[in-house]
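Novice: Chains A and B, in that order, give the protein sequences.
In our numbering, each number is its position in the first sequence, counted from 1, plus 22.
In our numbering, each number is its position in the second sequence, counted from 1, plus 1148.
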Amino acid sequence: AQKVTQAQTEISVVEKEDVTLDCVYETRDTTYYLFWYKQPPSGELVFLIRRNSFDEQNEISGRYSWNFQKSTSSFNFTITASQVVDSAVYFCALSPGNTGFQKLVFGTGTRLLVSP
Amino acid sequence: EPEVTQTPSHQVTQMGQEVILRCVPISNHLYFYWYRQILGQKVEFLVSFYNNEISEKSEIFDDQFSVERPDGSNFTLKIRSTKLEDSAMYFCASSAQTGWQPQHFGDGTRLSIL
């Protein structure tokens, strides 16, 4: 079975603070993909990043960075110098390879509140 | 940038009635999905669809649910006899391929069962 755990239900920060959102996953598949999606207050789901299970290189995109550690089954997301517009619910998701990557298994999400 | 569109944005239906949620996936995508999100909870997979048939479905996707691609552009989710617990946001998604290619989501249809 596959599972994604986002232990932080809600995080509140003040603008310009750095914040890390944790994601821990469980799967028996040797091949899988990991994703982060953002859900702003308007409700849509916005794709942020993907990673495959064979690529443990960290990635940086502007103020966003991701740290994938297979040894701890974690795929954490850091926002540097947070802004009010970053306020949203962030979902980590796993696409397992055993059934051909047909679905996304989502975590319960972390609500990030950035205040001015 | 091409996007997935869903209609209606909000659907209110009496319990026991049939409802059809509509989606227009991104035009060159081949894989289609439905997810639901009960208010305040996580997003849950319902079904994936490829080559005019269901590829995978979850336990939630029981006999009350069906999907169809009636023409070259639309992808629909039908709930035959709605229950109160079907109230949720329903998201349609599409992808060019499975796995590496990300699933792109529509804005969702909020379904309210009275």
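All C-beta atoms, glycine included, are put in the ideal place defined by N, C-alpha and C.
Residue ranges of each beta strand (DSSP E) run of no fewer than 3 residues wholly in the stretch 50-98 of chain A, ordered along the chain?
Specialist: Listed in chain order, they are 54-61, 68-74, 81-83, 86-91.
Novice: Bridge partners for W1182 of chain B per DSSP, in chain order?
Specialist: In DSSP, W1182 of chain B forms a bridge with B:V1195, B:C1240.
Novice: From what residue to what residue does the beta strand (DSSP E) around S1157 of chain B run?
Specialist: Looking at the DSSP string, S1157 of chain B is not in any beta strand (DSSP E), and its letter there is neither H nor E.
Novice: To the nearest angstrom, how far is the alpha carbon of G1220 of chain B from that of C1240 of chain B?
Specialist: Those two C-alpha atoms are separated by around 16 Å.
Novice: Taking contact to mean at least 3 C-beta pairs separated by less than 8 Å, is the stretch 47-57 of chain A in contact with the stretch 83-101 of chain A?
Specialist: Contact holds: three or more Cβ-Cβ distances are below 8 Å.
Novice: In chain A, which residues lie less than 8 Å from F1223 of chain B when you measure between Cβ atoms?
Specialist: Going along chain A, no residue has its Cβ under 8 Å from F1223 of chain B, so there is no contact; the nearest lies around 15 Å.
Novice: What residues from the stretch 65-80 of chain A come within 7 Å of chain B, judged by C-beta to C-beta, listed N to C?
Specialist: Here the close residues are G65, E66, L67, F69, R72, N74.
Novice: Cα separation between S104 of chain A and M1237 of chain B?
Specialist: Distance between the alpha carbons of S104 of chain A and M1237 of chain B: 28 Å.
Novice: Taking L126 of chain A as the query, report the chain B residues whose CB atoms sit under 7 Å from its CB, ordered along the chain.
Specialist: In chain order: F1193, Q1251.
Novice: Check this for me: beta carbons of T1153 of chain B and G1254 of chain B, under 8 Å apart or not?
Specialist: Cβ distance < 8 Å, so T1153 of chain B and G1254 of chain B count as in contact.
Novice: Would you mind giving the Cβ-Cβ distance between T1230 of chain B and Q1165 of chain B, rounded to the nearest angstrom? I have them listed as a contact below 8 Å.
Specialist: Their Cβ separation, rounded to whole angstroms, is 6 Å, which keeps T1230 of chain B and Q1165 of chain B in contact under 8 Å.
Novice: So that I know if they touch, is there some Cβ in chain B lying closer than 8 Å to that of F97 of chain A?
Specialist: No, no contact with chain B.
Novice: Run through DSSP, which three-state label would E39 of chain A get?
Specialist: If DSSP states are grouped into helix, strand and coil, E39 of chain A belongs with coil.
Novice: Taking all protein chains shown into account, decide if E1192 of chain B is buried (16 or more other Cβ within 10 angstroms of its Cβ) or exposed.
Specialist: E1192 of chain B comes out buried.
Novice: Figure out for me which residue from A:T130, A:S117, A:P138 has the closest Cα to the Cα of Y1181 of chain B.
Specialist: Checking every option, the nearest Cα to that of Y1181 of chain B belongs to A:S117.
Novice: Assuming contact is defined by CB atoms lying nearer than 8 Å, are I71 of chain A and E78 of chain A in contact in what I supplied?
Specialist: No, these two residues do not count as a Cβ contact at 8 Å.
Novice: With C-beta atoms as the reference, is K60 of chain A less than 8 Å away from A115 of chain A?
Specialist: Going by C-beta atoms, K60 of chain A is not nearer than 8 Å to A115 of chain A.
Novice: May I ask you to report which of helix, strand or coil DSSP gives L126 of chain A?
Specialist: It is coil, neither helix nor strand.
Novice: So, using beta-carbon positions, are F1223 of chain B and P1173 of chain B closer together than 8 Å?
Specialist: Cβ distance < 8 Å, so F1223 of chain B and P1173 of chain B count as in contact.
Novice: For V26 of chain A, does the count of other Cβ atoms within 10 angstroms reach 16, so buried, or fall short, so exposed?
Specialist: With 16 or more other Cβ atoms within 10 Å, it is buried.
Novice: Can you pull the chain A residues whose beta carbon is under 8 Å from the beta carbon of S1196 of chain B, in chain order?
Specialist: Within chain A, the residues near S1196 of chain B are Q124, K125.
Novice: Based on Cα-Cα distance, which residue from B:V1215, B:D1234, B:S1235, B:E1233 lies nearest to K1226 of chain B?
Specialist: For the residues B:V1215, B:D1234, B:S1235, B:E1233, the minimum Cα distance to K1226 of chain B belongs to B:V1215.
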